[in-house]
Each structure stands twice: as structure tokens, then as C-alpha cells.
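Residue numbers (full-length UniProt numbering): 1 to 144. For glycine and all other residues, C-beta sits at the position ideal for the given N, C-alpha and C.
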């Protein structure tokens, strides 16, 4: 399946550092929001995190690549997908683009465990959740 759009916004000047480009902390904030967008798409949204299942994916490893500068006023968006689903973890991939010309700006791969928010420990991804997640599996070529 193709990656889905999980995040979109205009880069505010307050997102930028003294070098005149988006600060690294803002990239992580954008990807965090995109991750919630992806979780919501496969049925693990705020209603399930806070009140229903009381589970959420928590990142344990993060790899990033910065391809182009992101400047104030640019319109950006993120497409996300799932690269791998394991027993207790999944690998998510996010790609940030400039909206005006779809130039790849940044990509990130995050390995995350499904956390039981009551026990504060990793838990097994059950069959119904795994089935929903499989709809967002991407080809390995989309990760590169």
C-alpha cells in the first residue's frame, strides 16, 4: 500500500533556529504528530490510548536523514507507513516533503513497542490490531 498523509502544516518562524532553518526538535515534534496520525488510521487513536485499550506505541529506536533545509513559511507534509510488524513491536517510516514541489526533505524510521499504559511494559500486538496495521504495510522500496 502507498504511504498515507499523516501530517501537514506551514513552518512557523518560531520553529526555526538561529541558522534560519527548522530546528531539530521541531522535526521530532512533526514526526510524533505523524505517528499519532498513523496510529489513529489503524485504530489506535486518542480514544483508545486514553480510554479504550490503554495502549500506544512508544519509540525505542529512531533513525533519521536530513535531505534538504526546511525554511520558515514552507508548507510541509509527512507520509507514513508501516515497514514491519513484529510480536510486540513495529517499525514505522515517515517521509517529510515540501508541499509545493514534493521534494523529500527528511525521513525517519522508528522502531516502537506496543506499550500497556497501565503496566508500563511492552505487550503483544493482538490479531485484530495486527490485521488493521497490515493495511498500512509499505514496500521496502518506500523506506529507502
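Can you tell me which of the three DSSP states residue i falls into?
{"i": "residue 61", "result": "strand"}
Alpha helix (DSSP H) containing residue i: first to last residue?
{"i": "residue 49", "result": "46–50"}
{"i": "residue 28", "result": "24–41"}
{"i": "residue 134", "result": "127–134"}
Output the distance between the C-alpha atoms of residue i and residue j, rounded to the nearest integer angstrom.
{"i": "residue 28", "j": "residue 94", "result": "11 Å"}
{"i": "residue 61", "j": "residue 73", "result": "30 Å"}
{"i": "residue 18", "j": "residue 111", "result": "31 Å"}
{"i": "residue 50", "j": "residue 2", "result": "29 Å"}
{"i": "residue 91", "j": "residue 40", "result": "16 Å"}
{"i": "residue 38", "j": "residue 4", "result": "8 Å"}
{"i": "residue 133", "j": "residue 22", "result": "31 Å"}
{"i": "residue 33", "j": "residue 46", "result": "12 Å"}
Taking residue i as part of the beta strand (DSSP E), name the residues at either end of that continuous run.
{"i": "residue 6", "result": "4–10"}
Given residue i, which residues of its chain have a CB within under 6 Å of its CB, disregarding the five upstream and five downstream residues?
{"i": "residue 108", "result": "31, 64, 94"}
Take residue i and list the residues in its own chain whose beta-carbon comes closer than 7 Å to its own, dropping the five residues that flank it on each side.
{"i": "residue 26", "result": "15"}
{"i": "residue 58", "result": "112, 113, 115"}
{"i": "residue 100", "result": "75"}
{"i": "residue 68", "result": "103, 105"}
{"i": "residue 130", "result": "85"}
For residue i, which residues from the same chain have a beta carbon less than 8 Å from its beta carbon, with the 5 sequence-adjacent residues on both sides left out?
{"i": "residue 118", "result": "54"}
{"i": "residue 138", "result": "1, 2, 3, 81, 82, 83, 93"}
At 3 residues or longer, what runs of the beta strand (DSSP E) sit wholly inside the stretch 68–118? 75–85, 89–98, 104–116
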